[in-house]
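In order, the protein sequence lines correspond to chains W and Y.
Quick note on our numbering: the first sequence kicks off at 1381 and runs consecutively.
Quick note on our numbering: the second sequence kicks off at 2 and runs consecutively.
C-beta atoms are modelled at their ideal positions from N, C-alpha and C, and glycine is treated no differently.
Bear in mind that the values here come from a model prediction, so they are computed numbers and not experimental data.
These notes concern the structure reproduced below.
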Amino acid sequence: AQSVSQHNHHVILSEAASLELGCNYSYGGTVNLFWYVQYPGQHLQLLLKYFSGDPLVKGIKGFEAEFIKSKFSFNLRKPSVQWSDTAEYFCAVKPGLGGGSQGNLIFGKGTKLSVKP
Amino acid sequence: DGGITQSPKYLFRKEGQNVTLSCEQNLNHDAMYWYRQDPGQGLRLIYYSQIVNDFQKGDIAEGYSVSREKKESFPLTVTSAQKNPTAFYLCASNPRQGAANYGYTFGSGTRLTVV
């Protein structure tokens, strides 16, 4: 079965620090890639997505992610975090044809980000 | 505004009882999904439906049941057979199965607690 790994369970940063959250997936074929964010008490929201083209994807609120096919990775980055970025972040992958999952998204276990003011 | 409405927000169940969680969407999406979220476990797929009157088991379907009699509604029943039902339940939708270019739209969730 395909899987998605998020390396860090909990990341603690001070405001203005740079952020990079790791995401690796196991499928070697075509994939669509997503990052979702869940702010405390709120529903999951789409931060950004990759389908094709430029592997550097820009999302909302200053976030970006880079798709590196050779590393099966889609790491999320932000140059300078704010207290309001405190949330849980989920990486998700949709394998292409032949990848199983019946077209459903496969989610990682999430990374909690705590930003200290 | 279009979106997904889950109700109730909080639900308490006695052991041995069945409970039904509501999920309604006005997005005209074909595909709907139920996920269970536990701390440190991420989102695990319970059931999904690609179209009205059709649904499929996900990775952790045991102890749950669903129906899809209307396009806009996808209720989830947590039965007494589910041994550890206390969790946060999320409903999601997509224009159609496999239409990943839209991503999923999520509801605000229902927190179920067994008392």
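Remark: C-beta atoms of R45 of chain Y and D31 of chain Y do not approach each other more closely than 8 Å. Residue-level contact by beta carbon holds for L46 of chain Y and chain W, with a gap shorter than 8 Å. As the crow flies, the alpha-carbon of S8 of chain Y is around 43 Å from that of S1450 of chain W.
The C-alpha of Q1462 of chain W lies about 35 Å from the C-alpha of P86 of chain Y. Cβ neighbours of L1393 of chain W within its own chain (closer than 8 Å, five residues either side excluded): L1399, V1461, L1493, S1494, V1495 and K1496. According to the DSSP assignment, G43 of chain Y belongs to the beta strand (DSSP E) that extends over G43 to I52.
Contact holds between the region 1414-1433 of chain W and the region 1453-1473 of chain W, because three or more Cβ pairs, one in each stretch, are under 8 Å apart. In the assembly as shown, P1459 of chain W is an exposed residue. Its beta-carbon has fewer than 16 other beta-carbons within 10 Å. If you look at R1457 of chain W, you'll find it in the beta strand (DSSP E) that goes S1453 to K1458. D39 of chain Y carries a strand assignment under DSSP once its states are collapsed to helix, strand and coil. F89 of chain Y is not a Cβ neighbour of R69 of chain Y, given a cutoff of 8 Å. Nearest CB-CB separation between S23 of chain Y and chain W: not below the 8 Å threshold.
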